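I have placed the structure first, in the form of structure tokens, so that the comments after it can refer back to it.
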Amino acid sequence: MSYRALEAVERLGRRALAVVLFGSCVYSPRRARDVDLLVIVDELRDLHEKVALEVEVSRSLRRELGRAVDVVVLDLESFKENLAVGTFLSGLVLGYRVLHDTIGVDELLEKLFSELAEEDYIYVKGRRWNLSAVARAKLRRRSASSNRELCEPSDV
Numbered sequence: 037m038s039y040r041a042l043e044a045v046e047r048l049g050r051r052a053l054a055v056v057l058f059g060s061c062v063y064s065p066r067r068a069r070d071v072d073l074l075v076i077v078d079e080l081r082d083l084h085e086k087v088a089l090e091v092e093v094s095r096s097l098r099r100e101l102g103r104a105v106d107v108v109v110l111d112l113e114s115f116k117e118n119l120a121v122g123t124f125l126s127g128l129v130l131g132y133r134v135l136h137d138t139i140g141v142d143e144l145l146e147k148l149f150s151e152l153a154e155e156d157y158i159y160v161k162g163r164r165w166n167l168s169a170v171a172r173a174k175l176r177r178r179s180a181s182s183n184r185e186l187c188e189p190s191d192v
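Residues 37 to 192 (our numbering) are what the sequence shown spells out, left to right.
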């Protein structure tokens, strides 16, 4: 799928810096009715170009997957502006999968999740999600995983 998304973006003259799968197709795949995809590109000239990219990538993937594909295209600057508690990127704490990355998406989102863990942020869409509690749990799991790696003998 990431190849098709990259191909559609490049066909319209933009370079995809990252492609991220998110939403219910990641955290609740059996219930998911659609696929949510975030595409981060080097730059966008205007809103018309943003919408054209979203439509092109969505159409291309919908034909391949046989189901609805919701695409959000952001340029790198807009992506960084949205790395704040309360933006739609906060919802990625529920689950995401990086399909293509040249900018360190995991590290950038980790900072957002750390900020989110310090807040008391509730998100309601279909059901009530305490994103702050999810962020705290995710950070604890990552920390425990890192600590285990440090304690395991290496194959040096």
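We put the CB at the ideal spot given by N, CA and C, even for glycine.
Quick caveat: nothing in here was measured; it's all calculated off a predicted structure.
Can you name the start and end residues of the alpha helix (DSSP H) that residue i belongs to?
i: arginine 80; result: Checking the displayed sequence, the identity of residue 80 turns out to be leucine instead of arginine. Note, leucine 80: premise wrong, no alpha helix (DSSP H); not H, not E.
Could you tell me how far apart the beta carbons of residue i and residue j are, in whole angstroms, since I believe they sit closer than 8 angstroms?
i: leucine 119; j: leucine 125; result: 6 angstroms
i: valine 134; j: valine 56; result: 5 angstroms
i: valine 87; j: valine 75; result: Not a contact, Cβ separation roughly 13 angstroms.
i: phenylalanine 149; j: lysine 116; result: Contact flag wrong, Cβ pair sits at about 15 angstroms.
For residue i, does the count of other Cβ atoms within 10 angstroms reach 16, so buried, or fall short, so exposed?
i: leucine 83; result: exposed
i: aspartate 72; result: buried
i: glycine 59; result: buried
i: arginine 177; result: exposed
i: alanine 171; result: buried
i: arginine 51; result: exposed
Assuming residue i is part of the beta strand (DSSP E), what are its boundary residues?
i: alanine 52; result: 52-58
Check the DSSP bridge columns for residue i and list the partner residues they point to.
i: alanine 104; result: Asp70
i: valine 109; result: Val75
Could you tell me whether any Cβ in chain C is nearer than 8 angstroms to the Cβ of residue i?
i: phenylalanine 149; result: Given the protein chain composition of this structure (a single chain), no chain C is represented.
Check: Can you give, in chain order, each stretch of the beta strand (DSSP E) that sits fully within the region 111-174 and has at least 3 residues?
Finding: Fully enclosed beta strand (DSSP E) runs of 3 or longer: 132-137, 158-161, 163-166.
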